[in-house]
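S.K.: At position 213 of the sequence shown (counting the first as 1) the number is 213 in UniProt numbering, and the numbers step up by one without a gap.
This is the structure I want to talk about, given as structure tokens.
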Amino acid sequence: MRLGRGSRTPDRPLSHARSRDNVLTLIRSRGDETTPEEDDEATLRALLISLQNQITIMSIQLNARLDQLQQRGIVADVQLETSVALSEIRSQLRELTKSVESCQTEVHEVKRDMANIKDELHVVQQVKEEIEELREYVDRLEEVTHKRKLHLLSQGLTFFLTYTILSAMLGMFQFGYNTGVINAPQKEIETFVKNVYKERYLSELSEEGAKQLYSIAVAVFAIGGMLGGFSGGSLADRFGRKGGLLLNSFIGIAGGVLMGTTKFFRSYEILFIGRFVIGINCGLNTSLVPMYISEIAPLNLRGGLGTVNQLAVTLGLLISQILGIEQILGTDDGWPVLLGLTVLAPFLQLILLPVCPESPRYLLMNKMWEEEARKALRKLRGTTQIEVDIEEMRVEQIAQQGENSMSMSELLCSATLRQPLIIGVVMQLSQQFSGINAVFYYSTGLFESSGLATETAKFMTIGIGAIMVTMTIISIPLMDRMGRRTLHLYGLGGMFIFSIFITISLLIKEMIDWMSYLAVISILGFVVFFAVGPGSIPWMITAELFSQGPRPAAMSIAVLVNWIANFVVGLGFPTLNNKLEEYTFLPFSVMLAGFWLFTYKKVPETKNKTFEEIAALFRIDDVRPATPHENTPLVAQYQASIDSKSSQKKK
């Protein structure tokens, strides 16, 4: 018997979706009372309990329905429907079972993901704590570094530092003296050359021939300077800065003796050899002295004491010009004495230098002789409080790891050091190709071409030397106030303007009488601005741009370039003057403009910066991949402290 249309069918069990919704409602009702892990377990338990309850309810409902049908006598007709209902129930149960298994899998995955997230959060928290610790450590180190730098900037001159600087200055005095000593007795030397030539070959030497031989005496000095400058770095590394200067003193004495005995031996070849030897001496001095002074000078005095190099050069130049006038030694009999007096400076160095200390940086960073470095610093600073200086050297030493003593080939191949090397070389070229040596070597002739009498021209040449000395003295305190870059820009700019005035005055001096005075004023102005900037700064800044390891090789290359340019100007200016005549200074004007632009765009300010701070301006990854702690002294020290803490924890 079938059920009627209006008869009730057995109640269907709840669907899986409804069951799940009920379970989720149950979980939500618990709110935030549980943790994420407890929520997952509670969800699974609630879902299983719900399924069991549903199955029980469905079974009770089914039995109740069967009892009703039996009572009515229609069990047979309901068997088919019961079978269908049971099949549906079984199917739903299977689906629910699969759903439960899927939920279990998802819960396990969620628990695993949450465990991973928890671990990652722990790592992030550790990193955050380390970053905070690093930031605090860096702040403390920066504060300490600032205090140390203030201490370095407060140091002053001491007796022994002054004594050492003056002893080293004699080397640059030698350079200045021998640059100018050949100028005043030009005619007397040419007369001597012609007389010797006539004695040998029984024929007259032309004026042009005598001038050419005189030019050789000028040029071989620069060739010797190239050789000396090229060798300066290796000599400084092998024997030290002070040791190199002592050895060089013997070379200076030998050169002076040769030049002083030229007339006695009636040989202008001895003059050439003597000029070559003294050139080697001066080349070594131009490499060793700036290096030595920059390494022993306190940070706040490094600019001013670096300018002392140029002061010594200008003093040597002035004294050679004064002694070279006709009333003193500028005579046929006096000029050999004038040249021979060059032995005095190296002889004095041999007496004074032995009691001077070696460069503390060389002792500590090159030789690793800390106790010797401390002794040298105590002498130079006049105090036992030298720990700040020692620490500053150590910071530089940490930063320059991998930059120990370099050969010139290694320096040229270093990408990190290429830019400071280019700057150092261009700064040296700005000194020589500014045209100043044309004024030094041929100043008397230039004044004569401006319309002055010969005697007046000679005294004006002395005036150039006096102005150079005066302006160099004035620039000493300015160097650490205004900075190297600023003064160099002023110097190049002023020289450019006055080189134009020199050209204009030479062009129209025949048309306007007073133009000869403009030429003289322009030449003097040209020299004034040279003393302000290009005279002293290239020597100083080249030594400042490099850390302890590559400094000697860099100085050798820069000084070599300086002497090559010196040679080119000394040998080429007479030809240039003959070809261009009144336009002689125009090429120098063009180069001065180029050097000004280069300095403005590329040269950094080094005032009040430690050697490490200057080197850091150019440091890039080079040769090998840099690690996070490499080339950074503060971080390197922090890493060392972390490693120390880790080892203590393990113990």
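Glycine is no exception: its CB is placed at the ideal position from the N, C-alpha and C atoms.
DSSP three-state call for R266: helix, strand or coil?
M.R.: Note: R266 maps to coil in three-state DSSP.
S.K.: Given a threshold of 16 other Cβ atoms within 10 Å of its Cβ, counted over all protein chains shown, does E207 qualify as buried or as exposed?
M.R.: It counts as exposed.
S.K.: Comparing C-alpha positions only, which one of T307, F239 and G225 sits nearest to I273?
M.R.: For I273, the nearest C-alpha among the options comes from G225.
S.K.: Since T207 is in the alpha helix (DSSP H), which residue starts that stretch and which ends it?
M.R.: First, the amino acid is wrong: residue 207 is Glu here, not Thr. Taken as a continuous stretch (DSSP letters only), the alpha helix (DSSP H) holding E207 covers E207 to F239.
S.K.: Could you tell me which of V84, Y292 and L161 sits nearest to L246, measuring between CA atoms?
M.R.: Taking only the C-alpha atoms, the option nearest L246 is Y292.
S.K.: Taking the alpha-carbon of L380 as reference, which of L301, L524, Q68 and S434 has the nearest alpha-carbon?
M.R.: It is L301.
S.K.: Going residue by residue through the segment 481–541, where are the continuous alpha helix (DSSP H) segments of at least 4 residues, counting only ones entirely within it?
M.R.: Runs of the alpha helix (DSSP H) inside the segment 481–541: 484–508 and 515–532.
S.K.: Find the nearest neighbour of L507 within the set A519, T286, G228 and M406, judged by alpha-carbon distance.
M.R.: Comparing Cα positions, the closest option is A519.
S.K.: Using only the alpha-carbon positions, how far apart do A457 and E613 sit?
M.R.: So the alpha carbons of these two residues sit roughly 48 Å apart.
S.K.: What is the residue span of the alpha helix (DSSP H) that residue 661 lies within?
M.R.: Outside the shown range of the chain, which is 1 to 651, sits residue 661, and nothing can be said about it.
S.K.: Just the Cα atoms here: how many angstroms apart are T461 and A565?
M.R.: Distance between the alpha carbons of T461 and A565: 22 Å.
S.K.: E358: beta carbon under 7 Å from a heavy atom of the ligand NAD?
M.R.: Ligands in the displayed structure: none, and consequently the ligand NAD is not present.
S.K.: Where N309 and V138 are concerned, what is the direct C-alpha to C-alpha distance, given to the nearest angstrom?
M.R.: About 38 Å.
S.K.: Going along the chain, which residues of its own chain have a beta-carbon closer than 7 Å to the beta-carbon of P185, five neighbours each way excluded?
M.R.: Only G324, G330, W335 and L338 meet the Cβ criterion.
S.K.: Return the CA-CA distance between L93 and E130, expressed in angstroms with no decimal places.
M.R.: The alpha-carbon atoms of L93 and E130 are separated by roughly 55 Å.
S.K.: Let me know the secondary structure DSSP gives F618 once reduced to three states.
M.R.: Residue state, collapsed to three classes: coil.
S.K.: Could you check the C-alpha separation between M471 and G491 for me, to the nearest Å?
M.R.: One C-alpha to the other measures close to 11 Å.
S.K.: So the candidates are S102, A615, Q385 and T342; which of them puts its Cα closest to the Cα of A415?
M.R.: Out of S102, A615, Q385 and T342, A615 has the C-alpha closest to the C-alpha of A415.
S.K.: Would you say the segment 555–563 touches the segment 282–299, given that touching needs at least three Cβ pairs under 8 Å?
M.R.: Taking 8 Å as the limit for Cβ pairs, the verdict is that the segment 282–299 does touch the segment 555–563.
S.K.: Do you know offhand how far E544's Cα is from V196's?
M.R.: Rounded to whole angstroms, E544 to V196 spans 48 Å at the Cα level.
S.K.: Please check if any C-beta of chain B sits within less than 8 Å of the C-beta of E448.
M.R.: The structure shown has no chain B; it contains just one protein chain.
S.K.: Given this structure, state the Cα-to-Cα distance separating T632 from Q397, to the nearest angstrom.
M.R.: For T632, the pLDDT reaches just 43, beneath the cut-off of 50, and the residue's location in the model is therefore unreliable, although a value from the coordinates is still provided. Their Cα atoms are separated by approximately 11 Å.
S.K.: Taking 7 Å as the limit between beta carbons, can you name the residues of its chain near E370, skipping five residues before and five after?
M.R.: Around E370: L364.
S.K.: Please classify Q327: is it buried, with 16 or more other beta-carbons within 10 angstroms of its beta-carbon, or exposed?
M.R.: Exposed is the call here.
S.K.: Quick one: Cα of Q212 to Cα of M468, how far?
M.R.: C-alpha separation (whole angstroms): 29 Å.
S.K.: Which runs of the alpha helix (DSSP H) fall wholly inside the segment 313–348 and span at least 4 residues, in chain order?
M.R.: As far as the segment 313–348 is concerned, its whole alpha helix (DSSP H) runs of at least 4 residues are 335–340.
S.K.: Please list the segments of the beta strand (DSSP E) lying wholly inside the segment 104–182, counting only runs of 3 or more residues, in order along the chain.
M.R.: Correct list: empty.
S.K.: Is the separation between the beta-carbon of F498 and that of S522 shorter than 8 Å?
M.R.: Yes, Cβ-Cβ distance for F498 and S522 is below 8 Å.
S.K.: From M511 to T162, what does the alpha carbon distance come to, in whole angstroms?
M.R.: Distance between the alpha carbons of M511 and T162 is about 53 Å.
S.K.: Quick check: the Cα distance between V257 and V568, rounded to an integer number of angstroms?
M.R.: Their Cα atoms are separated by approximately 27 Å.
S.K.: Using the Cα positions of F526 and K601, report the straight-line distance between them to the nearest angstrom.
M.R.: Roughly 23 Å separates the two Cα atoms.
S.K.: Is the CB-CB distance between G340 and G260 below 8 Å?
M.R.: Result yes, Cβ atoms of G340 and G260 sit closer than 8 Å.
S.K.: In whole angstroms, what separates the C-alpha of F159 from that of T599?
M.R.: Approximately 36 Å, taken between the alpha carbons.
S.K.: For the alpha helix (DSSP H) that contains S589, what are its first and last residues?
M.R.: L586 to K602 is the span of the alpha helix (DSSP H), which, as asked, contains S589.
S.K.: What distance in whole Å lies between the Cβ atoms of L311 and N248, which are believed to be in contact at a cut-off of 8 Å?
M.R.: Not a contact, Cβ separation roughly 20 Å.
S.K.: To which residues of the same chain is E106 closer than 8 Å at the C-beta, ignoring the five residues directly before and after it?
M.R.: Answer for E106: no residue qualifies.
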